[in-house]
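Below: one structure, written as structure tokens.
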Amino acid sequence: MKSQRIAVAGGQGKIGKHIVEGLLEIKQLYSLEIIVLSRSESPDVTYAGSSAPVVVVDYNDQASLQKALNQYKIDTIISTTSGFSPDPFISSQINLLQAALTVPTFRRFAPSEFTAAPSEQVADKVKLFQMKLPIIHSLRKAKQERPDSFEFSIISCGMFMNYLGYGNTKPEGHKAFGHLGAFPYIYDLSKHTADIPGDGEKQIRYTSADDVGKFVAAATQLDVWEEHFEMAGQVATMNEILRMCEDVRGTKFDVKYNSREDVVARMSSAPEKAIENFFMENYLAIIDGDADLKRPLNLNELVDVKPMGVQEYLLKWWGN
């Protein structure tokens with residue numbers, strides 16, 4: 001059964017806001033009710049002529065969550081909560097699920113994934129993603145207990161294409177990032193450099209954050225949710241992406257290919273290096289094949305979204 005009354009937890013955040021906008025874009029077409037769950041008060045989120053109220057909740061208080069979900073008769077929750085501290089991140093999603101399971105209308109949950117590869121696939125390498133596992137275990141338990149009235153999906157989108165826009169000098173170049181942070185990852189087109197894990201022959205997938213929002217919104221109108229939804233704007237090797245970047249910039253890049261040993265040597269146990277280590281752990285996952293696309297791009301096949309490819313994105317933000 002299609003989703004009708006949808007709550008987006010963390011919908012004022014980075015990828016969360018893209019998903020809310022994707023939903024607002026189809027709100028009138030499908031007569032949807034959309035709310036944004038937030039820890040703090042804020043004006044309604046408006047986009048494409050529609051709006052969604054921001055509902056204040058306490059993720060540490062299941063009664064607060066239950067009240068909001070009951071009030072709006074929510075049937076679907078999409079979680080985009082984020083953070084670097086495991087305990088609050090884990091408890092917020094577990095509390096949200098447990099509160100939702102007491103709401104008669106509730107039947108769908110998408111946990112906070114939206115990663116380069118499903119968290120279960122890379123958690124051995126990427127320590128930060130280990131905190132994404134408890135909610136998945138809880139979701140599988142709920143599905144086992146309610147096989148006919150509950151479903152969930154782990155939604156993976158690959159890398160955000162938006163990071164390829166870092167450093168562009170277009171008049172509205174800031175829009176290249178959407179609502180995401182502005183920094184380069186692997187490729188820095190502003191400096192004509194590339195820092196590539198392995199030999200560059202591993203495939204990676206890119207999806208723009210705007211298209212992630214469109215894919216997720218479209219997925220809410222599917223009759224059945226699969227346990228995994230995979231999407232991509234484009235799948236290509238890192239060397240193929242490099243050639244696209246060089247072509248659009250009209251120059252050869254200064255390229256560093258990192259062996260596994262190179263990556264390990266760049267890591268540090270110092271607390272201030274936590275973010276850098278996170279990126280290096282992702283490099284290891286790529287080199288070791290843990291980040292490989294292991295399932296079909298089923299969401300691309302199931303919904304009518306025509307995502308932007310890498311070449312199109314590069315020409316938009318770097319072309320003459």
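Under the UniProt record's numbering, read the sequence shown as residues 1 to 320, first letter to last.
Glycine included, C-beta positions come from ideal geometry on N, C-alpha and C.
Note that the structure is a prediction, hence the values are computed from the model and not measured.
Taking only three categories from DSSP, how would you classify residue i?
i, result
"residue 258", "strand"
"residue 267", "coil"
"residue 65", "helix"
"residue 39", "coil"
"residue 159", "strand"
"residue 150", "coil"
"residue 203", "strand"
"residue 310", "helix"
"residue 51", "strand"
"residue 85", "coil"
"residue 248", "helix"
"residue 91", "helix"
"residue 77", "strand"
By Cβ distance below 7 Å, which residues in the same chain neighbour residue i in space, the five residues on each side in sequence not counted?
i, result
"residue 44", "51, 52, 53 and 54"
"residue 116", "158, 159, 282 and 291"
"residue 199", "257"
"residue 314", "164, 244, 245 and 248"
"residue 176", "162, 165, 168 and 317"
"residue 407", "Coverage of the chain is limited to positions 1 through 320, which leaves residue 407 absent and any answer about it impossible."
"residue 119", "113, 129, 132 and 133"
"residue 127", "281"
Any heavy atom of the ligand FMN closer than 7 Å to the CB of residue i?
i, result
"residue 142", "Looking at this structure, you won't find the ligand FMN or any other ligand, since it has none at all."
Would you give the residue range spanned by the alpha helix (DSSP H) that residue i belongs to?
i, result
"residue 134", "133 to 145"
"residue 18", "14 to 30"
"residue 278", "274 to 287"
"residue 300", "298 to 302"
For the beta strand (DSSP E) holding residue i, just list the boundary residues, first then last.
i, result
"residue 234", "234 to 237"
"residue 323", "Nothing can be reported for residue 323, as the shown portion of the chain is limited to 1 through 320."
"residue 230", "228 to 230"
"residue 8", "5 to 9"
Return the chain-ordered list of same chain residues with a C-beta closer than 8 Å to the C-beta of residue i, the five sequence neighbours on each side being excluded.
i, result
"residue 19", "8, 11, 78, 80, 212, 213, 216 and 217"
"residue 298", "226, 228, 229 and 230"
"residue 263", "197, 280, 283, 284 and 287"
"residue 222", "2, 302 and 303"
"residue 274", "84"
Can you list, in chain order, the residues of its chain whose CB lies under 6 Å from that of residue i, leaving out five sequence neighbours each side?
i, result
"residue 37", "7, 9, 55 and 57"
"residue 59", "92 and 95"
"residue 234", "206, 309 and 310"
"residue 125", "281, 284, 285 and 290"
"residue 190", "167"
Practice task
At 3 residues or longer, and completely inside the segment 93 to 130: list those beta strand (DSSP E) runs for me, N to C.
Solution key: Within the segment 93 to 130, the beta strand (DSSP E) runs of at least 3 residues that lie entirely inside it are, in chain order, 108 to 110.
Problem - Touch test, the segment 129 to 149 against the segment 77 to 93, Cβ-Cβ under 8 Å, three pairs minimum - result: Yes, the segment 129 to 149 touches the segment 77 to 93.
Handout entry: Meets three-Cβ-pair contact criterion under 8 Å: the segment 104 to 118 and the segment 75 to 89
Key = The segment 104 to 118 is in contact with the segment 75 to 89.
Exercise for the section: Pair every Cβ in the segment 270 to 281 with every Cβ in the segment 208 to 217, then say whether three or more of these pairs are closer than 8 Å. Expected result: Of all C-beta pairs linking the segment 270 to 281 to the segment 208 to 217, fewer than three are shorter than 8 Å, placing the two stretches out of contact.
Handout entry: Three-pair Cβ contact test at 8 Å for the segment 247 to 256 versus the segment 162 to 182
Key = Contact between the segment 247 to 256 and the segment 162 to 182 is absent, because fewer than three Cβ pairs lie under 8 Å.
Practice task
Check whether the segment 61 to 71 touches the segment 14 to 31, counting contact only when three or more Cβ pairs, one atom from each stretch, lie closer than 8 Å.
Solution key: Verdict: no, contact absent.
Practice task
For the segment 96 to 103 and the segment 134 to 151, state whether three or more C-beta atom pairs, one from each stretch, are separated by less than 8 Å.
Solution key: They touch, by the three-pair rule.
Problem - the segment 184 to 197 / the segment 140 to 154 touching (three or more Cβ pairs under 8 Å) - result: Proximity of the segment 184 to 197 to the segment 140 to 154 falls short of the contact definition, fewer than three beta-carbon pairs being nearer than 8 Å.
Exercise for the section: Only counting runs of 4 or more residues, tell me where the alpha helix (DSSP H) segments fall wholly within the segment 172 to 224, in order along the chain. Expected result: The qualifying runs are 209 to 219.
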